[in-house]
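End of the sequence shown = 388 in the numbering used here, gap-free, step of one.
Quick reminder that beta carbons are idealized off the backbone N, C-alpha and C, glycines included.
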Amino acid sequence: MLIIGELINTSRKAIREAVEKKDGQYIQQIAKAQEEAGATYIDVNCGTFMETEVETMEWLVENVLQATTLPLCIDSPNPLALEAGLKKAINGKSMINSITDETPRWNAILPLVKEYNTKIVALCIDDGGMPKTNEDRIRIADTIINKLTAEGVNIDDIYIDPLIKPISAGEQNGIEVLQAIQHIMESHPGVHTTCGLSNISYALPARKVLNRLFMVQTMARGMDSYIMDPTNKEMRAALLASQTLLGQDRFSRKFLKGFRQGLYE
124 MLIIGELINT SRKAIREAVE KKDGQYIQQI AKAQEEAGAT YIDVNCGTFM ETEVETMEWL
184 VENVLQATTL PLCIDSPNPL ALEAGLKKAI NGKSMINSIT DETPRWNAIL PLVKEYNTKI
244 VALCIDDGGM PKTNEDRIRI ADTIINKLTA EGVNIDDIYI DPLIKPISAG EQNGIEVLQA
304 IQHIMESHPG VHTTCGLSNI SYALPARKVL NRLFMVQTMA RGMDSYIMDP TNKEMRAALL
364 ASQTLLGQDR FSRKFLKGFR QGLYE
């Protein structure tokens, strides 16, 4: 299970204020906390600083690397900011978030994936926009995987994000994503799927409960990566328990470790 720690994102008020104050110590604290909570990658996103994103990305990456030995997921819609982060990210194999099958985005991001030999998050979007049906979602995923592997990208480095739509906007939005995950994972052995979970609960109460339970459901369909807050005790507890029940935790070691750490009452 690959966990991408999502907390170093300037859309979060505390991170934005730390960047504005150049409070590197706070950034390092958040990076370290995510590593200690079990993150595999640290996501770095400063997209709200549009005019200074390149310089801000460099500063963020430099500070994160002072606190962790984890590899980084460089997260931006701006290819220049992506490359600035990749040049600084020296901890193992980096990840890019993200590429799509939109022609301009594809042409801008694919060369970075190949030059820096990164893992890549791929969103199910093409020149027609976001998928309108589940058939569209599956078709786009199939196309992106086939195109990336044809370009020499190792299938083990591909993480398909099926794009979760709010259940409040359509009662089938959850089950459609589950069906897409299962198709992707069964049709392309070796590929991975990932997502951020919070969209599923948008505009509904008890969002944390919905997010947590949907994570468990997606794991049962084969999803093997999440962009999430690893320091969230309830989410981490659900993830470890689900791994154990799905036969992904040899001798229940991770679950027992979580129990000893106080994750369960």
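| Check | Outcome |
| --- | --- |
| Check whether chain B comes within 8 Å of residue 143, counting only Cβ atoms and requiring the distance to be less than that. | Reference to chain B is not applicable here, since this structure consists of a single protein chain. |
| Rounding to the nearest angstrom, what Cα-Cα distance links residue 269 and residue 314 in this structure? | 11 Å |
| How many angstroms separate the CA atom of residue 230 from the CA atom of residue 223? | 10 Å |
| Taking 8 Å as the threshold (C-beta atoms), are residue 307 and residue 264 in contact? | yes |
| Closer than 8 Å is the cut-off here; do at least three beta carbon pairs connect the region 172-179 with the region 365-372? | no |
| Taking a contact to mean a Cβ-Cβ separation below 8 Å, would you say residue 351 touches residue 335 in this structure? | no |
| Residue 163: which of 152, 194 and 188 sits nearest, CA to CA? | 194 |
| Name the DSSP bridge partner or partners of residue 245? | 222 and 283 |
| Just to check, is the beta-carbon of residue 270 closer than 7 Å to a non-hydrogen atom of the ligand GDP? | Absence of the ligand GDP is noted for the structure shown, with no ligands found whatsoever. |
| Could you tell me if residue 213 is buried or exposed, where buried requires 16 or more neighbouring beta carbons within 10 angstroms of its beta carbon? | exposed |
| How big is the Cα-Cα spacing for residue 131 and residue 165? | 8 Å |
| Helix, strand or coil for residue 325 per DSSP? | coil |
| For the alpha helix (DSSP H) containing residue 265, list its first residue and its last residue. | 257-273 |
| Is the Cβ-Cβ distance between residue 184 and residue 211 less than 8 Å? | yes |
| What are the start and end residues of the alpha helix (DSSP H) that includes residue 149? | 147-159 |
| Could you check whether residue 280 and residue 317 sit closer than 8 Å to each other, using their CB atoms as the reference points? | no |
| Of all the options 347, 219, 342 and 322, which has the alpha carbon lying nearest to the alpha carbon of residue 197? | 219 |
| Can you give the Cα-Cα distance for residue 295 and residue 319, rounded to whole angstroms? | 18 Å |
| In chain order, what are the residue ranges of uninterrupted alpha helix (DSSP H) at least 4 long that sit wholly in the region 288-333? | 296-310 |
| If you draw a straight line from the alpha carbon of residue 155 to that of residue 129, how long is it in whole angstroms? | 13 Å |
| Helix or strand or just coil, what does DSSP make of residue 232? | helix |
| Helix, strand or coil for residue 365? Go by DSSP, reduced to three states. | helix |
| From 169, 216 and 204, pick the residue whose C-alpha is nearest to that of residue 192; which is it? | 216 |
| Where do the ends of the beta strand (DSSP E) carrying residue 129 lie? | 125-132 |
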